[in-house]
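Participant: Numbering-wise, the UniProt record's numbering puts 195 at position 195 of the sequence shown, and it's gapless, one number per residue.
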Amino acid sequence: MRYTAGVLYCRRKMESVRWAFRYGAWSPGRTEWLLATSCVQAEEKARIGQFVFTRDAKAAMAGRLLIRKLIADKLQIPWNEVLLQRTSKGKPFLVNDISRTYPSFNFNISHHGEYAVLAAEVEFQVGVDIMKTELPGSGSIQEFFRIMMRQFTEKEWKSIKCAGSECSQLDMFYRYWALKESFIKAIGVGIGFNLQRIEFNASPLQLEIGKMYKETSSFCNKYQLDPTEFTVFTFDDLVASAVPLAPEDPTDWDNFNSKQEPPVRQRTNST
1 MRYTAGVLYC RRKMESVRWA FRYGAWSPGR TEWLLATSCV QAEEKARIGQ
51 FVFTRDAKAA MAGRLLIRKL IADKLQIPWN EVLLQRTSKG KPFLVNDISR
101 TYPSFNFNIS HHGEYAVLAA EVEFQVGVDI MKTELPGSGS IQEFFRIMMR
151 QFTEKEWKSI KCAGSECSQL DMFYRYWALK ESFIKAIGVG IGFNLQRIEF
201 NASPLQLEIG KMYKETSSFC NKYQLDPTEF TVFTFDDLVA SAVPLAPEDP
251 TDWDNFNSKQ EPPVRQRTNS T
């Protein structure tokens with residue numbers, strides 16, 4: 001399987017944060033899951049508990065632990081004092097007042113397939129998006145492209161169609177899609193934004209399983225920005241600085257253990 005992650009940001013001076021966790025390979029036992037649920041806020045634990053599938057519950061938990069680790073480790077706010085809420089559109093934000101020390105600090109998360117990713121910047125807006133390369137559910141790749149025609153510029157479609165085989169074209173499609181999604185997440189606009197207003201130029205590339213690529217160039221105020229690599233965490237890394245917010249509740253494990261695995265898609269990209 002192949003993944004594409006897009007990150008759009010404009011950076012000065014201070015260190016960027018790029019973290020990832022492979023929740024698809026995480027099979028938490030009772031001890032790990034109860035620790036995880038005790039280390040997130042009650043309302044988030046309840047929200048995670050409502051998911052039908054284990055994969056979705058793990059993805060949501062991974063995202064929440066990544067955020068809390070970010071705040072605790074980088075902003076030096078004790079884990080059990082971190083207060084997170086959601087906007088009316090569901091975007092998480094930090095309630096704790098950091099206006100004097102980091103007035104422009106912001107973060108963004110995304111998850112798809114098997115990975116949850118987080119990006120954060122101290123001074124400028126950041127957006128991140130990750131996509132697993134998947135074949136369309138029922139129609140052909142070309143029919144899928146036809147439906148999505150308005151999402152890319154003529155130049156971007158030319159780049160996609162010149163990528164080689166249909167599977168390579170799909171890889172390129174998702175690279176552009178992740179870049180565009182990360183951009184609109186960074187600037188905070190909704191689905192009504194015309195994606196043809198922005199254009200990217202991704203270098204031709206044959207993606208290989210298990211490798212990370214960072215060849216796409218980005219510029220801000222004519223200065224080239226050096227891409228940063230994602231650090232992939234284990235579960236132990238995620239909770240290294242964690243402090244439980246409440247006692248463990250055995251029913252949280254019963255709830256998780258009763259969830260279903262999502263149905264397996266019949267069509268897969270075997271290349």
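Don't be surprised by glycine CBs; every beta carbon is placed ideally from N, CA and C.
Can you confirm whether the segment 33-48 touches the segment 94-103 when touching is taken to mean that 3 or more C-beta pairs between the two stretches lie within less than 8 Å?
Facilitator: Flag = no, the segment 94-103 and the segment 33-48 do not touch.
Participant: Checking the sheet assignment: what are the DSSP bridge partners for SER110?
Facilitator: BP columns for SER110 point to VAL117.
Participant: By the three-class DSSP mapping on this structure, what secondary structure does LYS89 have?
Facilitator: In the structure shown, LYS89 sits in coil (DSSP, three-state: anything other than H, G, I, E or B).
Participant: Going by DSSP in three states, CYS220 sits in which element: helix, strand or coil?
Facilitator: Unreliable placement is indicated for CYS220, whose pLDDT of 44 sits below 50; the coordinate value is still reported in the next sentence. Reduced to three states, the DSSP call for CYS220 is strand.
Participant: So which of PRO263, GLN196, ARG30, ALA72 has the shortest CA-CA distance to GLU181?
Facilitator: That would be GLN196, whose Cα lies nearest to the Cα of GLU181.
Participant: Check for me: the alpha helix (DSSP H) holding ALA36 runs from which residue to which?
Facilitator: Element bounds for ALA36: 30-38.
Participant: Going by DSSP, name the residue or residues bridged to VAL17.
Facilitator: Answer is ALA120, bridged to VAL17.
Participant: Three or more beta-carbon pairs under 8 Å between the segment 64-80 and the segment 232-241, yes or no?
Facilitator: Taking 8 Å as the limit for Cβ pairs, the verdict is that the segment 232-241 does touch the segment 64-80.
Participant: How is PHE144 classed by DSSP in three states: helix, strand or coil?
Facilitator: If DSSP states are grouped into helix, strand and coil, PHE144 belongs with the helices.
Participant: In the DSSP output, which residue or residues are listed as bridge partners for PHE53?
Facilitator: Answer is GLN260, bridged to PHE53.
Participant: Around the Cβ of GLU156, are there at least 16 other Cβ atoms within 10 angstroms (buried) or fewer (exposed)?
Facilitator: Counting Cβ neighbours within 10 Å, GLU156 comes out buried, since at least 16 surround it.
Participant: Count the other CB atoms within 10 Å of the CB of PHE200; is the residue buried (16 or more) or exposed (fewer)?
Facilitator: Its Cβ being crowded by 16 or more others within 10 Å, PHE200 is buried.
Participant: Enumerate in chain order the residues of its own chain whose CB-to-CB distance from PRO263 is below 6 Å, with the five nearest sequence positions on each side excluded.
Facilitator: There are no such residues.
Participant: Report the CB separation of LEU118 from VAL17 in whole angstroms; it is logged as a contact under 8 Å.
Facilitator: Contact flag correct, Cβ pair sits at about 7 Å.
Participant: Whose C-beta lies closer than 6 Å to the C-beta of GLU15 among residues of the same chain, with five residues either side of it excluded?
Facilitator: Correct list: empty, nothing qualifies.
Participant: How about PHE183 and GLY137: are their beta carbons less than 8 Å apart?
Facilitator: Against a cut-off of 8 Å, the Cβ pair of GLY137 and PHE183 comes out as no contact.
Participant: Can you give me the C-alpha to C-alpha distance between TRP177 and LYS132, rounded to a whole angstrom?
Facilitator: C-alpha separation (whole angstroms): 11 Å.
Participant: If you draw a straight line from the alpha carbon of ILE109 to that of ARG30, how long is it in whole angstroms?
Facilitator: Rounded to the nearest angstrom, the two C-alpha atoms are 26 Å apart.
Participant: Could you give the distance in angstroms between the alpha-carbon of GLU114 and the alpha-carbon of GLU154?
Facilitator: So the two alpha carbons sit approximately 31 Å from each other.
Participant: At which residues does the beta strand (DSSP E) containing ILE130 begin and terminate?
Facilitator: 126-132 is the extent of the beta strand (DSSP E) around ILE130.
Participant: Flag this pair as yes or no: are the beta carbons of GLY63 and ALA20 separated by less than 8 Å?
Facilitator: The answer is no: Cβ separation not under 8 Å.
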